[in-house]
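Presented below is the structure to which this report refers.
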Amino acid sequence: MTSLDKADLQLIEVAKTLIALRSKPEFHEVGAALRTRSGKIFSAVNVKANVGRVSVCAEAVAIGMAASAGDTDIERIVAVDQKGRVISPCGMCREMISDYAPEADIIVPGDNGLEVFKVADLLPHKFQKMKT
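Each residue of the sequence shown is one higher than the one before, counting from 137 in this note's numbering.
Spelled out as structure tokens, the structure:
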């Protein structure tokens, strides 16, 4: 666990600003922002559908945006709810973050305020494909 710095606070503000602008009940309820090692920030909202299985989390959309730009060396990622509160990523997002950026840090709420953890610390015993 590490502490937040000025760049982390900026990342949180990017996610908060986006969800404040794009929040739409039943469609966009989470905003996420990630920073790559190049310093670029990618932000996105979740995309909901009437069929829940086709909904996509904000973290996954942000990772897709970074991948589309060819910049997937993710350093840090954060998600916020509609009220701008930092939230912990779901299990599927933890898996995806770990797949794309196994060394990434995630900003999450903790007992003493916001904390930063390595994705591996939030995803023990990660799923691994069987090798043939």
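Where a beta carbon is used, it is the ideal one built from N, C-alpha and C, also for glycine. All of these numbers come straight from a predicted model, not from anything done at the bench.
I need the DSSP call for residue i, collapsed to helix, strand or coil.
{"i": "Asp144", "result": "helix"}
{"i": "Lys235", "result": "Here residue 235 turns out to be Asp, not Lys, going by the sequence shown. Asp235 falls in the helix class under three-state DSSP."}
{"i": "Asp257", "result": "helix"}
Report the residue from the options whose alpha carbon sits nearest the alpha carbon of residue i.
{"i": "Lys160", "options": "Ala185, Phe253, Ser174 and Gln146", "result": "Ala185"}
{"i": "Pro277", "options": "Cys229, Val222 and Glu149", "result": "Not covered by the structure: residue 277. The range shown for the chain is 137 to 268."}
{"i": "His261", "options": "Lys267, Gly227 and Val183", "result": "Gly227"}
{"i": "Arg221", "options": "Lys265, Glu165 and Asp141", "result": "Glu165"}
{"i": "Val187", "options": "Ala196, Thr208, Phe163 and Val255", "result": "Phe163"}
{"i": "Phe178", "options": "Asp207, Cys193 and Ser234", "result": "Asp207"}
{"i": "Gln181", "options": "Glu211, Arg212, Gln218 and Val190", "result": "According to the sequence displayed, residue 181 carries Val and not Gln. Measuring from the Cα of Val181, the nearest candidate turns out to be Gln218."}
Please confirm whether residue i and residue j have their CB atoms less than 8 Å apart.
{"i": "Val252", "j": "Ser139", "result": "yes"}
{"i": "Ala203", "j": "Gly167", "result": "no"}
{"i": "Leu250", "j": "Ile243", "result": "yes"}
{"i": "Ile199", "j": "Leu157", "result": "no"}
{"i": "Thr172", "j": "Glu211", "result": "yes"}
{"i": "Ile213", "j": "Ala240", "result": "yes"}
> In the segment 142-221, which residue ranges form an unbroken alpha helix (DSSP H) of at least 4 residues, counting only runs that do not cross its ends?
Replying inline: 142-158 and 194-204
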